[in-house]
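Numbering (our numbering), first residue to last: 2 to 215. C-beta atoms are modelled at their ideal positions from N, C-alpha and C, and glycine is treated no differently. Below is one structure, written out as structure tokens; the observations come after it.
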Ligand SMILES: [Fe+2]
């Protein structure tokens, strides 16, 4: 299983790197993010020796995986196949600081979660670098939050609404990458279908995301 899982993780990371290289010259507001993610990804030890199987864990939001992984095929078939092959082996979890009350929405915690490929719960420990998948159920509002880590989002389903700072929400289609600078406040709203996104924190990863305002 470990060789298989290592192969699936490698396929997912290669799919992201390929997509970033393909996106060069296409204005998605990615700015310096494209080069930053590629550079930091290349600095990670993703060898077979560095691989360790995650402790498999499921959360309620995993019920959205069949629909979202199916839809993600339209964005990147190799990435969707890789996730389909390893979703049961990943450590799906939720941020400990979050609750339905903190997020102002009943049912939020049953519709939210993430799993790392790179990071302390992932397949590779990472060197101050985290990368994984995010799930958000339909009709959710992930409130304003911020963190020191610069962040890439690659929504694999959609559309969904995103905003930075005090700006308006902008609708992003599946496949449109998004870049958040350090400490930039951001929020996400899903439409009537669940959201699956790949995300990466490229440095300053020790400090978690914190909700802003209230
Ligand atoms: Fe974020």
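Could you tell me how far apart the beta carbons of residue 14 and residue 118 are, in whole angstroms, since I believe they sit closer than 8 Å? That pair is a contact at about 7 Å.
Among the residues of its own chain, which have a CB less than 6 Å from the CB of residue 1, if the five just before and after it don't count? No statement about residue 1 is possible, as the shown extent of the chain runs from 2 to 215 and does not include it.
N- and C-terminal bounds of the beta strand (DSSP E) containing residue 161: Secondary structure note for residue 161: its beta strand (DSSP E) is the uninterrupted segment 161–165.
When the Cβ atoms of the segment 86–101 are set against those of the segment 45–59, are three or more pairs found closer than 8 Å? Put simply, the segment 86–101 touches the segment 45–59. At least three CB pairs are less than 8 Å apart.
Using 8 Å for Cβ pairs, my map puts residue 195 next to residue 69. What's the rounded Cβ distance? Indeed, because the Cβ distance is near 5 Å, the residues count as touching under 8 Å.
Short Cβ contact (8 Å threshold) for residue 183 with residue 209: For residue 183 and residue 209, no; Cβs fall outside 8 Å.
Is residue 152 near ligand 1, judged by its Cβ being under 7 Å from some heavy atom? Residue 152 Cβ: within cutoff of ligand 1.
Any beta carbon from chain B within less than 8 Å of residue 36's own beta carbon? No chain B appears in this structure, which consists of one protein chain only.
Secondary structure, alpha helix (DSSP H): runs of 4+ residues fully inside the segment 82–162: Listed in chain order, the alpha helix (DSSP H) elements of length 4 or more contained wholly in the segment 82–162 are 101–104.
Three-state secondary structure (DSSP) at residue 35? Under the three-state reduction of DSSP output, residue 35 falls in the helix class.
Less than 7 Å between the CB of residue 184 and some heavy atom of ligand 2, yes or no? Absence of ligand 2 is noted for the structure shown, with ligand 1 being the only ligands found.
Give every residue of the same chain whose Cβ lies closer than 7 Å to the Cβ of residue 127, excluding the five residues on either side of it in the sequence, and list them in chain order. In chain order, 45, 119, 120 place their CB closer than 7 Å to the CB of residue 127, counting only its own chain and leaving out the 5 sequence neighbours on each side.
Range covered by the beta strand (DSSP E) that runs through residue 199: Unbroken beta strand (DSSP E) run through residue 199: 196–202.
Does ligand 1 have a heavy atom nearer than 7 Å to the CB of residue 142? No, ligand 1 has no heavy atom inside 7 Å of this Cβ.
Using DSSP with H/G/I as helix, E/B as strand and the rest coil, what is residue 1? Since the first residue of the chain shown is 2 and the last is 215, residue 1 is not available in this structure.
Whole-angstrom C-beta distance between residue 41 and residue 203, which should lie under 8 Å: Taking the Cβ atoms as the reference, residue 203 lies roughly 4 Å from residue 41, within the contact range of under 8 Å.
Distance between residue 167 and residue 125 (C-alpha atoms, nearest Å): When rounded, the distance between both Cα atoms is 36 Å.
Neighbourhood of residue 77 by C-beta distance below 8 Å, restricted to the same chain and skipping five residues each side: If we look at residue 77 and ignore the five residues flanking it on each side, its Cβ neighbours are 16, 20, 157, 176.
Three-state secondary structure (DSSP) of residue 47: If DSSP states are grouped into helix, strand and coil, residue 47 belongs with coil.
Mind checking whether the beta-carbon of residue 210 lies closer than 7 Å to any heavy atom of ligand 1? Yes; taking the cut-off as 7 Å, the Cβ of residue 210 has a heavy atom of ligand 1 nearer than that.
For residue 172: DSSP bridge partner residues: The partner list for residue 172 (beta bridge, DSSP) reads 162.
heavy atom of ligand 1 below 7 Å from residue 181 C-beta: Indeed, a heavy atom of ligand 1 lies less than 7 Å from the Cβ.
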